[in-house]
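Reviewing the structure listed below.
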Amino acid sequence: MPILVVAEHDDASLKSGTLNTITAASAVPGAEIHVLVAGCGCAAPAAAAARLAGVAKVRHADAPHLADHGVENLAALICANAAGYTHLLAPATSFGKNLMPRVAAALDVAQISEIVAVESDDTFVRPIYAGNALATVRSSDAVRVITVRTTAFDPAGRVDAAAPVEALDAGADLKMSRLVGRELTKSERPELSAAKVVVSGGRGLGSSENYHGVLEPLAGKLGAALGASRAAVDAGYAPNDYQVGQTGKIVAPQLYVAIGISGAIQHLAGMKDSKVIVAINKDPEAPIFQVADYGLVGDLFQLVPDLTAALG
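Each residue of the sequence shown is one higher than the one before, counting from 417 in our numbering.
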């Protein structure tokens, strides 16, 4: 059963979500996994994909008009090569959420979004109602277009023997859009969606100065990525790409430290699958304590510096 996984990459390396998506594809009975690596000068991620466990073939499309990873050209490439595939998968990141609905519409099939489990080749489990319920979805479409919640699957391992890499015709440039500019946030900290430890702050921090002044020393001691609730982002304490929650990034680190976050349902949907959750809040009735493994009730401006100092 041939399955195509669309790799997310930056032309230099694979994004971590691709590895989780390959694991999800491997859960489909009888899966023969092909990975599409499309871009410009993207030989390195193609070679990396070829050494992932479960991958039978890498299809490599390299052309200047794919350099910007524009969804119009990429969706057209996928649809042109969709024949013979029973499933088309991509990570449910900004990349996959932007790309796969266009693919599903072009193929006239329903998309199955953010699956967290595979029950059979046509039946999948996905969260609904901000993660408070799980829906089991059965698809009768000839090809299933799927995005994968990456935190629900372990990353695929690496193997010594490389799968074959096949050159793929990149197709024509549709010229429907062009990249004008890209603003990238540079940080020495781990990437939020892939970090093993996340320190997040909420509205309780009161200001951008407090957010950085209180959280950064703790994050530095823990080697953690920084996150934020939507309220903190909306208030300007942290940039948009720090947002954790239903309308932000879904994370499941080994340790999640929630500081000054009340625990609105939208935020819990983005982090409640973390292995260990530590909450610090002055309100003992805050909803965050319902999902926390450890809770500290008190003034965060005293507790967090004390915790940072105790870490040495």
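The beta-carbon is built from N, C-alpha and C at its ideal position, and this holds for glycine as well.
Asked	Found
Within the stretch 571-657, ranges of the beta strand (DSSP E) (whole runs, at least 3 residues)	581-583, 613-617 and 641-644
DSSP-derived helix/strand/coil call for Phe705	helix
Ala674 to Leu712 span [Cα, whole Å]	10 Å
Rounded Cβ spacing between Gly617 and Leu631 (contact assumed at less than 8 Å)	5 Å
Three-way DSSP call (helix, strand, coil) for Asn436 in this model	helix
Alpha helix (DSSP H) segment containing Glu448, residue limits	Taken as a continuous stretch (DSSP letters only), Glu448 belongs to no alpha helix (DSSP H), being part of the beta strand (DSSP E) at Glu448 to Gly455.
Inter-residue spacing [alpha-carbon to alpha-carbon] between Gln532 and Leu595	Per the sequence presented here, residue 532 reads as Val, with Gln not at that position. Spanning the two alpha carbons is a distance of roughly 33 Å.
Rounded distance between the beta-carbons of Ser432 and Pro571, thought under 8 Å	6 Å
7 Å Cβ shell around Asp715 - same chain, five flanking residues per side excluded	Lys698
8 Å Cβ cutoff met for Leu504 and Val519	yes
Residues that Leu712 bridges to, as DSSP identifies them	Ile696
Bridge partners - Phe540, DSSP secondary structure assignment	Val534 and Val553
Glu582, buried or exposed, once every other Cβ within 10 Å from all chains shown has been counted against 16	exposed
Secondary structure of Arg475, DSSP reduced to three states	strand
Burial state of Val649, where buried means 16 or more other Cβ atoms lie within 10 Å	buried
Beta-carbon proximity list for Leu621, same chain, < 8 Å, skipping 5 on both sides	Tyr627, Val630, Leu631, Ala648, Tyr653, Ile675, Gly676 and Leu716
Among Ala469, Val613, Gly679 and Ala454, the one whose alpha carbon lies nearest that of Arg475	Ala454
For Leu430, the residue or residues it bridges with in DSSP	His425
Chain-order list of residues whose beta-carbon lies under 7 Å from that of Ala462 (same chain, five-residue window excluded)	Val453, Val474, His476 and Val581
Exposure of Val561, with buried meaning 16 or more beta-carbon neighbours within 10 Å	buried
Beta-carbon spacing of Val720, Asp709 below 8 Å	no
Asn489 classed as buried or exposed, judged by whether at least 16 other C-beta atoms fall within 10 angstroms	buried
For Tyr672, the residue or residues it bridges with in DSSP	Val614 and Ile693
Contacting residues, own chain, Cβ-Cβ under 6 Å from Val694 (five flanking each side not counted)	Val673 and Tyr710
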